[in-house]
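See structure below.
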Amino acid sequence: MKSSGNNTLNPHRNSDIKITASGLNLWYGDNHALQDINMDIHKNKITALIGPSGCGKSTYLRCINRMNDLIDNTRITGEIVIDSKNIYDADIDVVAVRKRIGMVFQQPNPFPKSIYDNISYAPLKHRLIKKGIESDELVESSLISAGLWEEVKDKLKSPGTSLSGGQQQRLCIARAIAVKPDVILMDEPTSALDPISTEKIESLMMDLKKDYTIVIVTHNMQQAHRTADYAAYFHLGNMVEYNQTETLFNSPAEALTESYISGRFG
Ligand SMILES: Nc1ncnc2c1ncn2[C@@H]1O[C@H](COP(=O)(O)OP(=O)(O)OP(=O)(O)O)[C@@H](O)[C@H]1O
Ligand SMILES: [Mg+2]
205 MKSSGNNTLN PHRNSDIKIT ASGLNLWYGD NHALQDINMD IHKNKITALI
255 GPSGCGKSTY LRCINRMNDL IDNTRITGEI VIDSKNIYDA DIDVVAVRKR
305 IGMVFQQPNP FPKSIYDNIS YAPLKHRLIK KGIESDELVE SSLISAGLWE
355 EVKDKLKSPG TSLSGGQQQR LCIARAIAVK PDVILMDEPT SALDPISTEK
405 IESLMMDLKK DYTIVIVTHN MQQAHRTADY AAYFHLGNMV EYNQTETLFN
455 SPAEALTESY ISGRFG
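Residues in the sequence shown are numbered from 205 upward in steps of one, following this note's numbering.
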């Protein structure tokens, strides 16, 4: 099965493409987990990756900030170009890549630190800001952007882990945006949350796409439909189909996509 060509999706591709995967392959030992992925991801849009369990969504997401480097016995070929630079080039500073490409995981994972320190820790470490007024301002603006400020402004010294699951996930989003990334990767960010927290995160994503390019993995078809501008269907390590979300859901070109979104498997 071949990944569908997607370079014709948008006539303005040169200016509005943030990330381009070309001929991307990944093996875990002998397991060929990503097979010749070719995909342009649009700037300031939300792109959803959907598909059955084990099809390679998280693996692909982790390729975009080189997190798979941290897993033993992986081999990657091909390119991921972000803003005209291949992040797999030998001269790339991997720490700088991970700073530009923030990640939010399925389980909220605040540091065992205060709400304030969860947000200020990395910016202080990277010397983006100084302690004091600068870090106060960054903590406030990040929490406002993540829609959490009003709920926590009077308890910034409390542990991040004392918050509810939905609040913790917004704290993790605040932490991700505090280092001023360009891209936010989200791997099933609401699957551990109740419907109200899920709704908050979804509306937050819609807000954040003004400033960030967002790639989200989700098993929730309604969520993909509601939030994403573009959607890609993965199956057994292949990207089967990629299109504007409305088109992918309403008139999928491939039988495999149609079966999945109509709930016949997965
Ligand atoms: N750390 C790892 N080491 C070895 N193999 C892995 C690792 N992570 C994933 N795999 C394998 O790679 C393939 C793709 O897995 P991946 O986690 O990317 O799927 P997924 O689409 O995110 O699935 P899910 O929806 O269940 O999260 C699977 O065959 C899986 O077993
Ligand atoms: Mg996964």
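Just so you know, even glycine gets a beta-carbon here, dropped at the ideal spot from N, CA and C.
### Task
Could I get the ranges of all uninterrupted beta strand (DSSP E) runs contained in the segment 297-341, with 3 residues as the minimum, in chain order?
Runs of the beta strand (DSSP E) inside the segment 297-341: 305-308.
### Message
Using the Cβ count rule (16 or more neighbours within 10 Å means buried), how would you classify Thr-394?
### Response
If you number the sequence shown from 1, residue 394 lands on position 190. Thr-394 comes out buried.
### Message
Taking the beta carbon of Gly-467 as the centre, do at least 16 other beta carbons fall within 10 Å, making it buried, or is it exposed?
### Response
Counted from its first residue, the sequence shown places residue 467 at position 263. With fewer than 16 other Cβ atoms within 10 Å, it is exposed.
### Task
Quick one: measure Cβ to Cβ for Lys-249 and Lys-413, integer angstroms, because I've assumed they're closer than 8 Å.
For the purposes of this step, residue 249 is taken as residue 45 along the sequence shown, with counting starting at 1. For the purposes of this step, residue 413 is taken as residue 209 along the sequence shown, with counting starting at 1. Right, their Cβ atoms sit about 6 Å apart.
### Range covered by the beta strand (DSSP E) that runs through Thr-278
For the purposes of this step, residue 278 is taken as the residue at position 74 of the sequence shown. Here the beta strand (DSSP E) through Thr-278 covers 278-286.
### Message
Run the Cβ filter for me: residues under 5 Å from any heavy atom of ligand 1, listed in the order they occur in the chain.
### Response
Tyr-232, Ala-237, Ser-257, Gly-258, Cys-259, Gly-260, Lys-261, Ser-262, Thr-263, Ile-275
### Task
Note the first and the last residue of the continuous alpha helix (DSSP H) segment covering Met-243.
Taking the sequence shown and counting its residues from 1, the one referred to as residue 243 is at position 39. Counting along the chain, Met-243 falls outside any alpha helix (DSSP H), though it belongs to the beta strand (DSSP E) covering 235-246.
### Query
Beta carbon of Val-299: closer than 8 Å to some heavy atom of ligand 2?
Position 95 of the sequence shown holds residue 299. For ligand 2, not one heavy atom lies less than 8 Å from the Cβ of Val-299.
### Task
Would you identify the three-state DSSP class for Ala-459, choosing helix, strand or coil?
What you label residue 459 is simply residue 255 of the sequence shown in a count that begins at 1. Annotated three-state conformation of Ala-459 is helix, per DSSP.
### Message
Can you tell me whether His-330 is buried or exposed? The criterion is at least 16 other CB atoms within 10 Å of its CB, across all chains shown.
### Response
By one-based count along the sequence shown, residue 330 stands at place 126. Exposed, by the Cβ-count rule.
### Task
State the DSSP-derived secondary structure class of Ser-395, mapped to helix, strand or coil.
Locating residue 395 in the sequence shown gives position 191, where the first residue counts as 1. In this structure, Ser-395 counts as coil in the three-state DSSP scheme.
### Task
Please report how far the alpha carbon of Asn-242 lies from the alpha carbon of Glu-283, in whole angstroms.
Here residue 242 refers to the residue found at position 38 when the sequence shown is read from its first residue. Here residue 283 refers to the residue found at position 79 when the sequence shown is read from its first residue. A straight line joining the alpha-carbon of Asn-242 with that of Glu-283 spans about 9 Å.
### Query
Quick one: what's got a C-beta closer than 8 Å to His-216's C-beta in the same chain, skipping five residues either side?
Taking the sequence shown and counting its residues from 1, one reaches residue 216 at position 12. With a pLDDT of only 45 at His-216, under the threshold of 50, the placement of this residue in the model should not be trusted, and no figure is reported.
### Message
Runs of 3 residues minimum, wholly inside the segment 379-443: which ones carry the beta strand (DSSP E) assignment?
### Response
387-391, 417-421, 434-439
### Message
Can you confirm whether the segment 312-326 touches the segment 400-419 when touching is taken to mean that 3 or more C-beta pairs between the two stretches lie within less than 8 Å?
### Response
Too few Cβ pairs lie closer than 8 Å, so no.
### Message
Quick check on Ser-257: does DSSP put it in helix, strand or coil?
### Response
Along the sequence shown, one-based indexing puts residue 257 at 53. Here Ser-257 carries a coil assignment [DSSP, helix/strand/coil].
### Query
With 16 other CB atoms within 10 Å as the buried threshold, where does Ser-362 fall?
Position 158 of the sequence shown, counted from the start, is the residue given in the question as residue 362. Answer is exposed; the Cβ neighbour count stays below 16.
### Task
Go through its chain and collect everything with a Cβ distance to Leu-360's Cβ below 8 Å, but skip five positions before and after it.
In the sequence shown, residue 360 corresponds to position 156, counting from 1. Short of 8 Å from the beta carbon of Leu-360, and not among the five residues preceding or following it, lie these beta carbons of its own chain, in chain order: Ser-318, Ile-319, Tyr-320, Val-343.
### Query
From this set, Ser-345, Glu-338, Arg-379, Tyr-434, which residue's C-alpha is nearest Asp-244's C-alpha?
To locate residue 244, count along the sequence shown from 1; it is residue 40. Here the closest residue by C-alpha is Tyr-434.
### Query
Which word fits Met-390, buried or exposed, when buried means at least 16 other C-beta atoms lie within 10 angstroms of its C-beta?
On the sequence shown, residue 390 is found 186 positions in, with the first residue counted as 1. With 16 or more other Cβ atoms within 10 Å, it is buried.
### Query
Is Asp-391 near ligand 2, in the sense that its beta carbon is under 8 Å from a heavy atom of that ligand?
As a position in the sequence shown, residue 391 is number 187, starting the count at 1. Result yes, Cβ under 8 Å from ligand 2.
### Query
In its own chain, which residues sit with a C-beta less than 8 Å from the C-beta of Ile-287, not counting the 5 before and 5 after it?
Taking the first residue of the sequence shown as 1, we reach residue 287 at position 83. According to the sequence as given, residue 287 is Asp; it is not Ile. Closer than 8 Å at Cβ, skipping near neighbours: Lys-222, Asp-386.
### Task
With hydrogens ignored, establish whether the beta-carbon of Val-308 is closer than 8 Å to any heavy atom of ligand 2.
The count along the sequence shown starts at 1 and reaches residue 308 at position 104. Flag unset: Cβ of Val-308 not near ligand 2.
### Query
For the beta strand (DSSP E) that contains Thr-365, what are its first and last residues?
Working through the sequence shown from its first residue, we reach residue 365 at position 161. From DSSP, Thr-365 is part of no beta strand (DSSP E); its letter is neither H nor E.
### Query
Apart from the five residues just before and just after Ser-207, which ones in its own chain have a Cβ nearer than 7 Å to its Cβ?
As a first step, residue 207 must be located in the sequence shown, where it is residue number 3. Note that Ser-207 scores a pLDDT of 40, beneath 50, so its modelled location is shaky and nothing firm can be said.
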